[in-house]
Amino acid sequence: MSNRRAGYRFTSSCMLLPSSKSDKRRSLRPAVIRRMCIWFALLLLLLVLNACSYLPNQRSIHHTDLQAALTFSSTNIMIDNGNDFVWKGVTLRLNNEYDLTIELMPRGITSVSLADFHNVHGQPFNPQSMTPHQLNIQAQAGFENKPGSFNW
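Read in order, the letters of the sequence shown are residues 170 to 321 in this note's numbering.
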């Protein structure tokens, strides 16, 4: 009896293997495709993990968010510096038009008269005819001498 049968050969390990070269290529294709899919999945996983990693916000490195609480009366604004540091070189901008500069704003509550705010023409804010609806606080130096801001 011959070791060759129709299209198959007999090996020493008792396995039947395809005898033609095209059959060998077909049997390798699933293994190669499977290996490529695994590499692709790993690459995709690495890309997702890299995209989800924490990247520091450049603004937070050089900027401090000020913690403030505001209370309004008919003539004053009470600003509560809720941070554990003094704000230095503070500019208050009311209604995006009226400004007031204060050298230091300590921790706790500071009362500021609404009439002390002036626009670029030197006209004061009039609390009898105007209503505060927006306040921006900019500090030149806050925590670790970084500038900071607060918007209401």
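Ideal Cβ placement from N, Cα and C applies to all residues, glycine included. Fair warning: this is a prediction, and the values are worked out from it, not measured in the lab.
Exercise for the section: Just the C-alpha distance for ARG203 and LEU216, rounded to the nearest angstrom, thanks. Expected result: Walking along the sequence shown from the start, residue 203 turns up at place 34. Walking along the sequence shown from the start, residue 216 turns up at place 47. Computed Cα separation, rounded: 20 Å.
Problem - Coarse secondary structure for PRO199, derived from DSSP in three states - result: Residue 199 sits at position 30 when you count from the first residue of the sequence shown. PRO199 sits in a helix when the DSSP states are folded into three classes.
Handout entry: Buried or exposed (CB count within 10 angstroms, at least 16 for buried), GLY311
Key = Translated into the one-based positions of the sequence shown, residue 311 becomes position 142. Of the other Cβ atoms in all chains shown, 16 or more fall within 10 Å of the Cβ of GLY311; this residue is therefore buried.
Exercise for the section: Note down, in chain order, each residue of its chain lying with its Cβ closer than 6 Å to the Cβ of GLN307, except the 5 sequence neighbours on either side. Expected result: Indexing the sequence shown from 1 puts residue 307 at position 138. THR260 and SER318.
Practice task
Could you name the residues that DSSP lists as bridge partners for PHE319?
Solution key: The count along the sequence shown starts at 1 and reaches residue 319 at position 150. BP columns for PHE319 point to ILE306.
Exercise for the section: Report the three-state DSSP secondary structure of MET299 (helix, strand or coil). Expected result: Translated into positions along the sequence shown, residue 299 becomes position 130. MET299 falls in the coil class under three-state DSSP.
Handout entry: Buried or exposed by the 16-neighbour rule on C-beta atoms within 10 Å, applied to MET247
Key = Here residue 247 refers to the residue found at position 78 of the sequence shown. When all chains shown are included, MET247 counts as exposed.
Practice task
Please list, in chain order, all residues of the same chain as SER229 whose beta carbon is under 8 Å from its beta carbon, the five residues on each side excluded.
Solution key: Residue mapping note: residue 229 aligns to position 60 of the sequence shown, counting from 1. Its pLDDT being 49, under 50, SER229 is placed unreliably in this model, and the coordinates cannot settle the point.
Practice task
Measure the CB-CB distance between ASN264 and GLN303 and report whether it falls below 7 Å.
Solution key: Along the sequence shown, read from residue 1 onward, the residue named residue 264 stands at position 95. Along the sequence shown, read from residue 1 onward, the residue named residue 303 stands at position 134. A contact, by the Cβ cut-off of 7 Å.
Exercise for the section: Would you check if the segment 203-214 and the segment 286-302 touch, i.e. whether three or more CB-CB distances between them fall below 8 Å? Expected result: Taking 8 Å as the limit for Cβ pairs, the verdict is that the segment 203-214 does not touch the segment 286-302.
Problem - Alpha-carbon to alpha-carbon, SER243 and ASP249 - result: Translated into positions along the sequence shown, residue 249 becomes position 80. Translated into positions along the sequence shown, residue 243 becomes position 74. Computed Cα separation, rounded: 17 Å.
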